[in-house]
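Undergrad: Below are the structure tokens for one structure; questions will follow.
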Amino acid sequence: MLNLARKFFGSANDRTLKRLESQVERINALEPDFEALDDAALKAKTAEFRERLDNGAKLDDLMPEAFAAVREAAKRSLGQRHFDVQLMGGIVLHRGDIAEMKTGEGKTLVSTLAAYLNALPGKGVHIVTVNDYLAARDSEWMGQVYSRLGLTTGVIVHGMMDEERRQAYACDITYGTNNEFGFDYLRDNMKYSLREMVQFGGRPKEKATHAYAIVDEVDSILIDEARTPLIISGRTDDRTDFYKTIDTIIPLLDEDDYVIDEKARSVTFTEDGNEHVEEVLRENGLLESGDLYDIENISVVHHVNQALKAHKIFQKDKDYIVREDKVVLIDEFTGRMTPGRRLSDGLHQAIEAKEGVEVQPENQTLASITFQNYFRLYDKLAGMTGTAATEAEEFEGIYGLQVVEIPTNVPVARLDEDDELYRTAAEKNAAILDCIEEAHAKDQPILVGTVSIEKSESLSALLKKRKIKHQVLNARYHEQEAGIIAQAGVPGAVTIATNMAGRGTDIQLGGNVDFRIADWIEAQKSKDKEPTEAEIAAEREKIAADVAEKKRKAIEAGGLFVIGTERHESRRIDNQLRGRSGRQGDPGRSRFFISVEDDLLRIFAPERLDGIMRGLGMKEGEAIQHPWMSKAVETSQKKVEQRNFDIRKNILKFDDVMNDQRKAIFEQRIEFMTADDVTDVVRDMRHQVAEDLVARHIPPKAFADQWDVEGLHEAVEKYFGLELPIKDWAAEEGIADEEITERLIKAADEAYAEKAADTGPELMRRVEKQMLLQTIDLKWREHLQHLDALRSVIGLRGYAQRDPLNEFKTEAFSLFEHLLDDLRFETTRILSNVRIEAAAPPQRPQPPEDIQARHADPLTGRNEMADGPDSPRETAPASPIASRRAAPEVNPGDPSTWGRVPRNAPCPCGSGKKYKHCHGVVGAR
1 MLNLARKFFG SANDRTLKRL ESQVERINAL EPDFEALDDA ALKAKTAEFR
51 ERLDNGAKLD DLMPEAFAAV REAAKRSLGQ RHFDVQLMGG IVLHRGDIAE
101 MKTGEGKTLV STLAAYLNAL PGKGVHIVTV NDYLAARDSE WMGQVYSRLG
151 LTTGVIVHGM MDEERRQAYA CDITYGTNNE FGFDYLRDNM KYSLREMVQF
201 GGRPKEKATH AYAIVDEVDS ILIDEARTPL IISGRTDDRT DFYKTIDTII
251 PLLDEDDYVI DEKARSVTFT EDGNEHVEEV LRENGLLESG DLYDIENISV
301 VHHVNQALKA HKIFQKDKDY IVREDKVVLI DEFTGRMTPG RRLSDGLHQA
351 IEAKEGVEVQ PENQTLASIT FQNYFRLYDK LAGMTGTAAT EAEEFEGIYG
401 LQVVEIPTNV PVARLDEDDE LYRTAAEKNA AILDCIEEAH AKDQPILVGT
451 VSIEKSESLS ALLKKRKIKH QVLNARYHEQ EAGIIAQAGV PGAVTIATNM
501 AGRGTDIQLG GNVDFRIADW IEAQKSKDKE PTEAEIAAER EKIAADVAEK
551 KRKAIEAGGL FVIGTERHES RRIDNQLRGR SGRQGDPGRS RFFISVEDDL
601 LRIFAPERLD GIMRGLGMKE GEAIQHPWMS KAVETSQKKV EQRNFDIRKN
651 ILKFDDVMND QRKAIFEQRI EFMTADDVTD VVRDMRHQVA EDLVARHIPP
701 KAFADQWDVE GLHEAVEKYF GLELPIKDWA AEEGIADEEI TERLIKAADE
751 AYAEKAADTG PELMRRVEKQ MLLQTIDLKW REHLQHLDAL RSVIGLRGYA
801 QRDPLNEFKT EAFSLFEHLL DDLRFETTRI LSNVRIEAAA PPQRPQPPED
851 IQARHADPLT GRNEMADGPD SPRETAPASP IASRRAAPEV NPGDPSTWGR
901 VPRNAPCPCG SGKKYKHCHG VVGAR
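Residue 1 is where the sequence shown starts when you use the UniProt record's numbering, and the numbers rise one by one after that.
Dropping the structure here:
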């Protein structure tokens, strides 16, 4: 019935597209009017739109004209005109939804439409990319469009100083990576004054908000990368020897001592295993007293379990590789290295001990946030990607985002063949090699997708035996990634890619002209030859002709042939791989080869599957190829996807508890930083501490002989620094706790007022604010540690038939109340006892040593938060943005202060020309 209804009335997506078509017609009708405007009149439209907004117009009212203006600006600056389907994508982004557009459909250009419209209110638009290279490239490229319309463009890349970041965020449109935006938010909430904050430091207070963000490759950022939080951490005590000693225990265990669950990726000790472990630990002096699970041995048990997991669950060259004496994790979705990402709870240290490399100290969390909760800070969020429909439920459930599938500008000509299912991996590999050999013989470009480094390299070894020339692209060779993937469409090219390597770079049949010309220029420079503009133009023409001829041959051979060596747990990853072929109407084909021994079928498919295939009498090397089989595999993938979604949803429920507390603390910090005077806050804290101390030692309605007068005396001395005659007060006849509280508050206020008078009001205000902020940060860090510890054990409450989530909420709330009490007591103690020298201003609180920002981009495999050879700052081009103000040390009249200026950047001299047409002209001085 559902299919019948869709046939007659169309799907919900079809109905949405029909509504979009009418809006596109309105935009198209305006095109002649905007073509008639000169450049100045076109730029003046921005001021006109903003004035109309100030007068009460809505963004939706301005949308047709604003989109027509952007289309005209793109034609004049880039020579590109938005297609109708791109206008549809722009409308979807403006509505705050996800536009699913196939590879090669121009999503980068689509974003300019919604970004311009939503930048008009002046609150700033953030465009989020998956790596620094794309942020720098897109900001320079699309910045030309915004500049034509009078808007400023900024970019945030790793390694920038705070002042540069502040200037970039003050622009109308800011490009950057998810990591940079998230870490800037966390770092801003560790600052001690508003002017030090970067995200809103350059914007008026009423416009300092997370207003609107467009997330490119939204499935990667909001789903894949959202599995791990952003963490700013500092070092803790070094326990290297302990990890190494524990590691020696695991090889002494027998196979009967533990049970491995591959599906859940867990390993547990059996009853006999527990006894054996106790025995081994005692022999090695690691269990001095009691049983294994006594409270004093809980740390030892934890680390033994982590060491067991490191040995039995985590496999070298699949889950991690050892590189330069370091254990580097491999992302399970992309197969790429993620330097900088470390497993928590001592598991990473256990793997380091297993591999015999240097064991790095554990870290203490100073601040953290998940991508889910960071991006939910935005008033409006939108995204674009080539593959989102399979995760539509998650986007809707967590982010409130609807997925709209935008049709391609030219119909897809790719042929998607049914899967071929084999009994064994050896039979499957033989079939893959035969298929590659057959396609390679007719010069068809081939992209082979694998799920791990190990499998990509084993396939490479098999191809070498057959003498088939090929390129391998995986975590070990990410430095050459963009260049390799860009040339994967050359006739006869065979490229083995680990899952979605090279995402963000199109595979163009015949090759990529821009990459080839860049390689040629570098080759000339290596010979100490600086090519002229004329030489570059001539070489470009020559390369373009060669690429056109190769494209013709590739099309004749059938276009790009995508071969999947096995199915991934997620259909979305398979669709991404398939989507590399058939770009912009090009021909292509795709086929997946699977076997019963593949992880997906071995772990999740019915155990009788192999028996069924044997019962069918299948001979060696024979395959089943039928739509029903492909459907069965897809059903298994759906089950895994749902399971993974449930896991992520459950993790988010726990993080939401912490997020509410995080927002409360961060808002309190900003309130204190904004205030010129926090004396009232400090006084209220002091009075509350006095009341709490009296209530603690003199309970209401208690008899006088039940009062803890001695304890109250010591507490008053500790927290207020006062020697008061509390014993004499308590001995007075008829005195009550209320009167003692009043006397204590009066004495504390008088002593504090005297200290403030001696110090001076201005200095005292500064001291109060700094101490208050410093104490908040200290207590918040301790609170994060407590929540981490609580989170690790709260699951055990389930054995008592109690909901762990509800238990966590209750316990976390109690801990938060304890945090607020501690904050009051500690602030009062410090300010009451501190001695202030008027001649020396209070020292600014310093952050803990060895602070690290930890989160790696699984799509680049580089740690964007770490300096060194893996840092994108060393591989991505600097971003020359027309609207960014020059750093103070740059003198427009002195070229020696300019540094390296990219050729397409505005010339620093201020002429308004590109550098290559001004001071960058060969021979210019």
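We put the beta carbon where it would ideally sit given N, CA and C, even for glycine.
Can you tell me the Cβ-Cβ gap for E569 and T385, rounded? I've got them flagged as a contact below 8 Å.
TA: Their Cβ separation, rounded to whole angstroms, is 18 Å, which puts E569 and T385 out of contact at 8 Å.
Undergrad: Looking only at its own chain, which residues have a Cβ that is under 7 Å from the Cβ of I726, when we skip the five neighbours before and after it?
TA: Same-chain partners within the cutoff: V709, L712, H713, V716.
Undergrad: Which residues does DSSP pair with A367 in a beta bridge?
TA: Partner(s): I232.
Undergrad: My output table needs one value for I726: the three-state DSSP class, helix, strand or coil.
TA: I726 falls in the helix class under three-state DSSP.
Undergrad: With DSSP run on the structure shown, which of helix, strand or coil describes P872?
TA: Low confidence applies here, because P872 scores a pLDDT of 32, under 50, leaving its location unreliable; read the following figure in that light. In the structure shown, P872 sits in a helix (DSSP, three-state: H, G or I).
Undergrad: Helix, strand or coil: which one does DSSP assign to A99?
TA: Note: A99 maps to strand in three-state DSSP.
Undergrad: Does DSSP put H478 in a helix, a strand or coil?
TA: Reliability fails at H478, whose pLDDT of 43 lies under 50, so the model's placement of it is uncertain and no value is given.
Undergrad: Give the DSSP-derived three-state secondary structure of D138 in the structure shown.
TA: DSSP places D138 in helix when its eight states are reduced to three.
Undergrad: Looking only at its chain, what residues have a beta carbon closer than 7 Å to the beta carbon of T103, apart from the 5 residues adjacent to it on each side?
TA: Excluding residues within five positions, the ones whose Cβ falls inside 7 Å are G386, D506, G579, R580, R583.
Undergrad: Compute the beta-carbon to beta-carbon distance between I563 and I446, rounded to the nearest angstrom, for a pair I have assumed lies under 8 Å.
TA: Going by Cβ atoms, the distance from I563 to I446 rounds to 6 Å, so yes, they are a contact pair.
Undergrad: In the DSSP assignment, find the unbroken beta strand (DSSP E) run with A382 in it and report its ends.
TA: Per DSSP, A382 belongs to the beta strand (DSSP E) from 380-385.
Undergrad: What does the Cβ neighbour count give for P64, buried or exposed, with the cut at 16 atoms within 10 Å?
TA: So P64 counts as buried.
Undergrad: Just checking my contact of F34 with L42 at CB under 8 Å: how many whole Å lie between their CB atoms?
TA: Yes, F34 and L42 are in contact; Cβ-Cβ is about 7 Å, under 8 Å.
Undergrad: Assuming G449 is part of the beta strand (DSSP E), what are its boundary residues?
TA: From DSSP, the beta strand (DSSP E) with G449 extends over 446-450.
Undergrad: Secondary structure at Y320, three-state DSSP: helix, strand or coil?
TA: Strand, per DSSP.
Undergrad: Shortest alpha-carbon distance to T270 belongs to which of D254, Q167, L819?
TA: Looking at the Cα atoms, D254 is the closest of the given residues.
Undergrad: D822 to K746, Cα distance in whole Å?
TA: Taking the straight line joining both Cα atoms gives about 22 Å.
Undergrad: Using three-state DSSP, classify M337 as helix, strand or coil.
TA: Three-state result, M337: strand.
Undergrad: Should Y146 and I173 be called a contact, given that it needs their Cβ atoms to be closer than 7 Å?
TA: Contact: yes.
Undergrad: So, do the stretch 242-261 and the stretch 269-287 have three or more beta carbon pairs nearer to each other than 8 Å?
TA: Because the criterion of three Cβ pairs below 8 Å is met, the stretch 242-261 and the stretch 269-287 touch.
Undergrad: Could you tell me the distance, in whole angstroms, from the CA atom of D676 to the CA atom of E163?
TA: For D676 and E163, the distance between alpha carbons rounds to 23 Å.
Undergrad: On the DSSP bridge assignment, give the partners of V125 in chain order.
TA: The partner list for V125 (beta bridge, DSSP) reads I173, Y212.
Undergrad: Just the Cα atoms here: how many angstroms apart are L796 and L787?
TA: Those two C-alpha atoms are separated by around 15 Å.
Undergrad: Could you give the distance in angstroms between the alpha-carbon of P858 and the alpha-carbon of R341?
TA: Low confidence applies here, because P858 scores a pLDDT of 37, under 50, leaving its location unreliable; read the following figure in that light. Approximately 10 Å, taken between the alpha carbons.
Undergrad: Between which two residues does the beta strand (DSSP E) carrying L778 extend?
TA: Taken as a continuous stretch (DSSP letters only), L778 belongs to no beta strand (DSSP E), being part of the alpha helix (DSSP H) at 761-793.
Undergrad: Let me know if K107 comes out buried or exposed under the rule of 16 or more other beta-carbons within 10 Å of its beta-carbon.
TA: So K107 counts as buried.
Undergrad: Quick check: what's the CA-CA separation for Q360 versus V322?
TA: Approximately 14 Å between the Cα atoms of the pair.
Undergrad: Specify, as a first and last residue, the run of the alpha helix (DSSP H) that D61 falls within.
TA: 59-78 is the extent of the alpha helix (DSSP H) around D61.
Undergrad: Between residue 929 and the rest of its own chain, which residues show a CB-CB distance below 6 Å, the 5 nearest in sequence each way excluded?
TA: In the structure displayed, the chain extends from 1 to 925; residue 929 sits before or after that span and is not available.
Undergrad: Should the stretch 416-436 be called in touch with the stretch 109-126, which here means at least 3 C-beta pairs below 8 Å?
TA: No contact exists between the stretch 416-436 and the stretch 109-126.
Undergrad: Assuming D418 and P627 form a contact by the criterion Cβ under 8 Å, report the distance between their Cβ atoms to the nearest whole angstrom.
TA: Yes, they are in contact, since the Cβ atoms of D418 and P627 sit about 6 Å apart, within 8 Å.
Undergrad: CA-CA distance, L287 and G273?
TA: Approximately 15 Å, taken between the alpha carbons.
Undergrad: Who are the near neighbours of D184 in its chain, counting only those whose CB is closer than 6 Å to its CB and skipping five residues on each side?
TA: The answer, listed in chain order, is V198, Q199.
Undergrad: If you drop the 5 nearest sequence neighbours on each side, which residues of the same chain put their C-beta closer than 6 Å to that of Y212?
TA: Answer for Y212: N118, V125, K380, listed in chain order.
Undergrad: Can you tell which of A170, E206, Q167, H210 has its C-alpha closest to the C-alpha of N182?
TA: Checking the displayed sequence, the identity of residue 182 turns out to be Gly instead of Asn. Answer by Cα proximity: H210.
Undergrad: Identify every run of the alpha helix (DSSP H) within the stretch 475-562, keeping only runs that are complete inside it and at least 4 residues long; order them along the chain.
TA: The qualifying runs are 481-486, 513-526, 533-556.
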